[in-house]
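Report on the following structure.
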Amino acid sequence: MIESLALDAWIDFDRVHPAPTFFARPAWALALAQAYSHMRPALLRIRTPRARLLMPSMQMRGGPLHWREYSAFPLGGYTCFMHEDGSLADALDIDDALTELGRFCDVASVVPWPLAGSVSYGTEHETGVVDLSNGIDAALAGVEGIFRRMAGQAERRGVTCAPSGDAGAVDAYYELLEASAKRWGLERPGIPKALISALVEHGKDDVEIWFAHAEGRAIAGGVVFYGSKEFFFWSAAMLAEYGRLRPSNALNFALMRAASHRGMLWYNLGSSEGLPGVARFKKEMGAQSLIYREVQLTGARFQVYRKIRRALRVPAAV
237 MIESLALDAW IDFDRVHPAP TFFARPAWAL ALAQAYSHMR PALLRIRTPR ARLLMPSMQM
297 RGGPLHWREY SAFPLGGYTC FMHEDGSLAD ALDIDDALTE LGRFCDVASV VPWPLAGSVS
357 YGTEHETGVV DLSNGIDAAL AGVEGIFRRM AGQAERRGVT CAPSGDAGAV DAYYELLEAS
417 AKRWGLERPG IPKALISALV EHGKDDVEIW FAHAEGRAIA GGVVFYGSKE FFFWSAAMLA
477 EYGRLRPSNA LNFALMRAAS HRGMLWYNLG SSEGLPGVAR FKKEMGAQSL IYREVQLTGA
537 RFQVYRKIRR ALRVPAAV
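Residue numbers in the sequence shown follow the numbering used here, run continuously in steps of one, and reach 554 at the last position.
Rendered as structure tokens:
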């Protein structure tokens, strides 16, 4: 049996048992709903033969046929399967919950948090994670020499890094993001400004916009999230003409210290699939590669619908 709980119930639960990753917290869901009209927050209670679990997600509009469709979570986010006492579900519990979800919904995409119980099937993705559980000194000891030298070079050249609480921080960061998008050959950034604004509004102290400054201006920056255990570097941008100052190295050093100071156990740098340069950068800063999976579920009704649509596309035999 599966039921969708009221948003107030999710907020109350999160106040007592905050999810380890920001993506599984109400602020992320509220920001998505504010920026995208076809999504709404949905905390699902899933009863299995072994347990009762909670799964944060978004209910999607479901198209013209109004399919019962869920995403946990879109835009590269994760969900957490939790017991009602806030403890994390194990792999068997997650498998049971996904089986129930497959019967309940028409379509669902589920990405369990990589640092909790995983599943053995689904599309593989890869992230890079720095272990902060033994403190900042141990984490910095794992940074490769080339990364450390470039961070020191940035500091000597006057690069300074700090979060911004200014009213214009979203606009300033989005200008950097637009410049980066043009460098990548894109007409506009993949992240709308409305979403960043909504994240700052709903995330409060758990969402920060950081900038690296040099020569009197912001030359690089990033949007970061705090869960109860995971620090996530969600979006990054840099002015290419200032790459020689190595602002990304300096920024990541500053972020590692900030995450450790906040008591985070992990610094998650996100996926770098198809970006070998980014993957190499993460390795140099001591990040360990971690495989996680995205599970696609289709219910019986949707499977029948898909078969009919496929059959209608096949030309009749002569």
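Even for Gly, the Cβ is constructed at its ideal location relative to N, Cα and C.
Taking 8 angstroms as the cut-off, the Cβ atoms of Gly463 and Trp446 do not count as close. Of Ala405, Gly426 and Pro348, the smallest CA-CA separation from Asp329 is found for Pro348. Taking C-alpha positions only, Pro399 is separated from Ala417 by approximately 22 angstroms. Contact annotation: the region 309–325 touches the region 253–263, with at least three C-beta pairs closer than 8 angstroms. Leu301 carries a coil assignment under DSSP once its states are collapsed to helix, strand and coil. Contact check for Gly479 against Val379 fails: the beta carbons are separated by 8 angstroms or more. In the structure shown, the three-state DSSP call for Glu509 is coil. If you ignore the 5 residues before and after Met296, its C-beta comes within less than 7 angstroms of the C-beta of His274, Met275, Glu305, Tyr306 and Ser307, all in its own chain and listed in chain order. The region 403–420 makes no contact with the region 362–378; the number of CB pairs closer than 8 angstroms stays below 3.
For Val343, the enclosing beta strand (DSSP E) covers residues Val343 to Val346. If only uninterrupted beta strand (DSSP E) runs of at least 3 residues are considered, those enclosed by the region 354–434 are 359–367 and 396–400. Cα atoms of Cys397 and Phe538: separation of roughly 50 angstroms, rounded to the nearest angstrom.
Following the DSSP letters along the chain, one finds Gly338 in no beta strand (DSSP E) but inside the alpha helix (DSSP H) bounded by residues Ala327 to Phe340. Beta-bridge partners of Pro277 (DSSP): Met294. By the beta-carbon neighbour count (other beta carbons within 10 angstroms, threshold 16), Ser293 is buried.
Between Tyr314 and Asp248, the alpha-carbon positions lie close to 20 angstroms from each other.
With fewer than 16 other CB atoms across the displayed protein chains lying within 10 angstroms of its CB, Val252 is exposed.
The region 433–444 and the region 527–541 do not touch, with fewer than 3 CB-CB distances between them shorter than 8 angstroms.
CA-CA distance, Arg384 to Ile282, rounds to 46 angstroms. Counting along the chain, Met492 sits inside the alpha helix (DSSP H) bounded by residues Pro483 to His497. Within 10 angstroms of the beta-carbon of Thr363 lie 16 or more other beta-carbons, which makes it buried. Ranking Lys518, Phe461 and Leu548 by CA distance to the CA of Ala494 puts Phe461 first. Annotated as distal: Val365 and Ala448, with beta-carbon spacing of 8 angstroms or more. If you look at Leu533, you'll find it in the beta strand (DSSP E) that goes Gln524 to Thr534.
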